[in-house]
Amino acid sequence: ETSVSSSQNMDDEYEKFIRRMNPPRVVIDNESCKNATSFFVKMLGQVDSANKQGILLEVVQVLTDLNLVILKAYMCSDGGWFMDVFNVTDLDGNKITDEGILEYIQKSLGPDSCFASSMRRSVGVTSSTNHTSIELIGTDRPGLLSEVCAVLTNLKCNVVNAEVWTHNTRAAAVMQVTEEDAGGAITDPEKLSLVKKLLCNVLKGSSSKSREAKTGVSHGATHTERRLHQMMFDDRDYERMGDNESAHRPNVTIDDWHDRDYSVVMIRCKDRPKLLFDVVCTLTDMQYVVFHGSVESRGSEAYQEYCIRHVDGSSVKSDAERQRVVQCLEAAIRRRVSEGLKLELCTNDRVGLLSDVTRIFRENSLTVTRAEVSTRGGKAVNTFYVRDASGYAVDPKIIDSIRQSIGQTVLRVKGGGGGGEEDAAARSRFLFGGLFKSKSLVNFGLV
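Under the working numbering, think of the first position of the sequence shown as 27, with each following residue one higher.
Structure (structure tokens):
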């Protein structure tokens, strides 16, 4: 262990020396492009094959976490150098002029940043003693999210931040919770053990046919969205693409560029926020390096092309590997697809709020396809994508009834009725929210 630590320290010192000789450069240009802000990220002499893939993910992650929309991007890295160009706007389609945001990007990616030397160990890792991070994955079923929240409320735990995804009959969530009384992380080992046990029982449900459920608890959390991709990738959700979804899959193909020994990945799909992050994240976790890439949004369509090799230097070798890469990228794109009506909730935070809201959704025959939960300055700011349990558009009368129960000014409708071509596929799936009180919830005495 001592020799490994010494070797790592020597590597870090060498990287610091290289960085001083060739510091990374970030150039921000608000003049060249009429409709977007251009960011040029350039590094020389310090990018080796071991961390090249991580650097691209980190750059994309910084821009994505700021909710910037990437309209075009060009990526090049070869022979120990790395250069990316991104044309971005804010969510309203405007150039980035906020000095705070521009300064943050400079500090995160420029000469004073530390991201380049940390890529071998982790990407986007954050840790905190202010909350406990809970990771959940299991078979989706009616009422699951409501059950999970009810268990946490019964154990006097408050959900302060959470992200919930559902895909191919599987559900995954990363939740940050605090003690109701102390307001910090859960430190009692016995309570942590009880939290894991009860949540695992909820995920397993009463069906003997349910696939494996997993519950993890820690005081440190990987970047939430990347962690969700990793969890569902490890769960092999990409292998269960239903036949009823085949007509709506993204168009992903892989060709060989024999002269350069690259595999060329081409993607065409409906454009949406964070699409680039989802693709680069998946390629990184599959141990592929992007040497060249081009990304462009044209109206509602997104076009992406990547020249990749595996970290061992080889291109995609077999039809089986090719099929696996295609399936994994299709799954990565679809996991975050927002189906249904978008509802935003904003009110004073309190213990049990999320449990009450999801229970009301369930009692009104709504399912939740995706959820984002956050707490800002004592305020709960939550986003839910909901649809009728049958897969059809949500009845406006049901939404009016729910808003009357929760509060007209607390819960607002932000999206259309969703549906369309995705409705038929959704009718055969059970998503978070459910219609009836589940047996496992009753057994816990929580309803």
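Where is the CB? At the ideal position from N, CA and C, for every residue including glycine.
If you check the beta carbons only, do residue i and residue j fall under 9 Å apart?
i	j	result
L367	V420	yes
V278	V352	yes
Y288	I359	no
E365	T401	no
M201	L162	yes
E331	M292	yes
R294	Y264	no
V399	E206	no
V316	C372	no
C183	V228	no
P168	T384	no
V186	D375	yes
A211	T158	yes
L225	V177	yes
T435	L82	no
A99	D116	no
L92	I127	yes
T165	A199	no
L97	N56	no
E370	K296	no
V86	F66	no
H193	A357	yes
R362	W191	yes
C102	H274	no
R355	P276	With the sequence shown as reference, residue 355 is identified as Leu, and Arg is not the correct amino acid for it. Yes.
L135	V114	no
For residue i, which residues does DSSP report across the bridge?
i	result
A197	G164 and T192
L392	D414
V321	A99 and Q330
S159	Q202 and S244
E398	E189 and T409
M69	F108
N184	T204
S64	D55 and N113
V316	I334
Could you give the first and the last residue of the continuous beta strand (DSSP E) run that contains residue i?
i	result
K296	Y288 to K296
I280	N277 to W283
D104	V95 to D104
L437	L437 to V439
Y332	E327 to H336
D110	W107 to T115
V241	Val is not the amino acid found at residue 241; the sequence shown has Thr there. Counting along the chain, the beta strand (DSSP E) containing T241 begins and ends at K240 to S244.
From which residue to which residue does the alpha helix (DSSP H) around residue i run?
i	result
C372	Here C372 belongs to no alpha helix (DSSP H); instead the beta strand (DSSP E) covers L367 to N374.
E57	From DSSP, E57 is part of no alpha helix (DSSP H); its letter is neither H nor E.
A346	D345 to R361
K230	P215 to K230
D426	P422 to I432
K133	E125 to L135
E265	Run containing E265: none; DSSP gives neither H nor E here.
H255	T250 to D260
L302	L301 to D311
Within 10 angstroms of the Cβ of residue i, are there 16 or more other Cβ atoms? Answer buried if so, exposed if not.
i	result
W283	exposed
V149	Confidence in V149 is poor, its pLDDT being 38 and thus under 50, which makes the residue's placement unreliable; the coordinate value appears in the next sentence. By the 10 Å Cβ count, V149 comes out buried.
S244	exposed
R324	exposed
E189	buried
S172	buried
R286	exposed
I300	As written in the sequence, residue 300 is Lys, which differs from the Ile given in the question. Classification for K300: buried.
Q349	exposed
Q430	exposed
R438	exposed
A475	No information on residue 475 is available, as it lies outside the stretch 27 to 473 that the chain covers here.
P50	buried
P422	exposed
I122	buried
Q313	exposed
S326	exposed
T179	buried
G231	buried
T213	exposed
N390	buried
E216	exposed
M345	It is worth fixing the name first, because residue 345 is Asp in this sequence and not Met. So D345 counts as exposed.
Measuring from the CB of residue i, is there a heavy atom of the ligand GTP at a distance below 8 Å?
i	result
M312	In the structure on display, the ligand GTP does not appear, and there are no ligands present to speak of.
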